[in-house]
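One structure is given below, encoded as structure tokens.
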Amino acid sequence: MPDDGGKASGAMLAIGELADRIGVPTHVLRYWETRFPQLKPLQRSGRRRYYRAEDVALAERIHHLLHVQGFTVEGARKALSETRAKAAEAPAIEARAQPATGNGAMGQAHGVPVAALIALRQRLAAALD
Numbered sequence: 005m006p007d008d009g010g011k012a013s014g015a016m017l018a019i020g021e022l023a024d025r026i027g028v029p030t031h032v033l034r035y036w037e038t039r040f041p042q043l044k045p046l047q048r049s050g051r052r053r054y055y056r057a058e059d060v061a062l063a064e065r066i067h068h069l070l071h072v073q074g075f076t077v078e079g080a081r082k083a084l085s086e087t088r089a090k091a092a093e094a095p096a097i098e099a100r101a102q103p104a105t106g107n108g109a110m111g112q113a114h115g116v117p118v119a120a121l122i123a124l125r126q127r128l129a130a131a132l133d
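Under the working numbering, think of the first position of the sequence shown as 5, with each following residue one higher.
Next up, the structure:
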């Protein structure tokens with residue numbers, strides 16, 4: 005991985021820094037912004053672009069799809085939208101897959117004993133009545 009000048013992992017990157025990091029010219033990143041609506045860097049004074057960590061990850065994913073896997077721009081757009089749709093589905097699927105009483109054997113839901121949750125629900129219901 006190229007040196008990013010010692011910036012913290014969560015630091016924003018200027019367009020030139022991101023271009024150097026993934027190995028494409030800056031005009032390619034600006035083009036990607038027109039074709040991939042999810043790539044939205046912050047624009048500061050003078051229209052300078054700054055990419056957040058999630059923008060950097062997305063740009064790296066786009067680069068991988070286009071330049072490593074050989075997708076067309078339209079194909080990469082579809083692949084990203086399918087990935088996003090699956091990611092949105094995942095929490096709902098996980099919630100349906102877990103039993104209503106937590107994780108079964110331990111009788112806990114997200115680290116909280118189910119009995120404590122039931123008691124809390126009963127206290128809240130009584131307070132509302």
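We put the CB at the ideal spot given by N, CA and C, even for glycine.
query                                                                                                                        : result
Which residues bound the alpha helix (DSSP H) around R4?                                                                     : Outside the displayed range of the chain (5 to 133) lies residue 4, so it cannot be described from this structure.
Would you list the residues sitting across from A18 in a DSSP beta bridge?                                                   : Y54
Nearest-angstrom Cα distance between A15 and A123?                                                                           : 44 Å
Name, in chain order, the residues that DSSP records as bridge partners for Q135.                                            : Shown here, the chain extends from 5 to 133; a query on residue 135 therefore has no answer.
How about I26 and E78: do their beta carbons lie closer than 8 Å?                                                            : no
Would you grab the beta carbon distance between Y35 and L46 for me? Rounded to a whole angstrom, and I think it's under 8 Å. : Their Cβ separation, rounded to whole angstroms, is 18 Å, which puts Y35 and L46 out of contact at 8 Å.
Quick check: the Cα distance between H71 and L62, rounded to an integer number of angstroms?                                 : 14 Å
Could you tell me the boundaries of the alpha helix (DSSP H) in which L69 lies?                                              : From DSSP, L69 is part of no alpha helix (DSSP H); its letter is neither H nor E.
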